[in-house]
Each structure stands twice: as C-alpha cells, then as structure tokens.
C-alpha cells in the first residue's frame, strides 16, 4: 500500500477513523517513503468549505492548525494533514498529496 493513499477511508463504517485524538495509533507506511514529512488526519471539508468533519461525519471537536491555516490554497484543499516537524500541527491540503497515515487499532490484552 502506498504511503498516504487513500487519504480518507472509502467507507468509514468499515475503515473507521484514520486518526482520533486519544486513541492508540501506529504509523503505517510502505518502503521507500522516508522523505515524507507529514501524516493524514481523518478530517475533511468536502461538503462545505471551512466546515471540517471527521471521516465518519461527526464534528471536529479539537483542532491544532498551523499559523495561517486553513487557507484552502488554490481552492483545492479539502483534506487535512499534520506536519511531523512542527508537532503535527494541522494544514489543509489537496487530497492527492502523499503522506504517511495513522491507523487506529484495538489492543486485545
């Protein structure tokens, strides 16, 4: 699987959220992607520009936007990533960009 693709789950009821604050997460990425410096968040504004939702349609209750973001650059930024070098601060970005993604998983202890 390529790093950061898909940027959002195709079916949220099956795939779940890619990133939820407070969940146990792990980084997942294919080989040869060591220059990628961000991760996808499960946040998007497909329906209404500037109204961000999680992939399951629930409202976003926490944000950590980088200064000057969101900016909807070129009227084409509908997905959200976090930059690794600046403590995962958020940035709205084109959904076709390539980033690592975070997968939620359950621990069976």
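In full-length UniProt numbering, the protein residues as written are 1 to 109.
Virtual Cβ for every residue (Gly too), placed ideally from N, Cα, C.
Closest by C-alpha distance to residue i, when choosing among the options
i: residue 56; options: 44, 75, 82, 69; result: 44
i: residue 87; options: 50, 98, 70, 66; result: 66
i: residue 37; options: 46, 98, 64; result: 98
i: residue 46; options: 63, 107, 75, 108; result: 75
CB-CB length for residue i against residue j, believed under 8 Å
i: residue 93; j: residue 77; result: 5 Å
i: residue 54; j: residue 60; result: 6 Å
8 Å Cβ cutoff met for residue i and residue j
i: residue 72; j: residue 41; result: no
i: residue 39; j: residue 100; result: yes
Residue i versus residue j - alpha carbon distance
i: residue 51; j: residue 96; result: 20 Å
i: residue 58; j: residue 84; result: 25 Å
i: residue 63; j: residue 108; result: 30 Å
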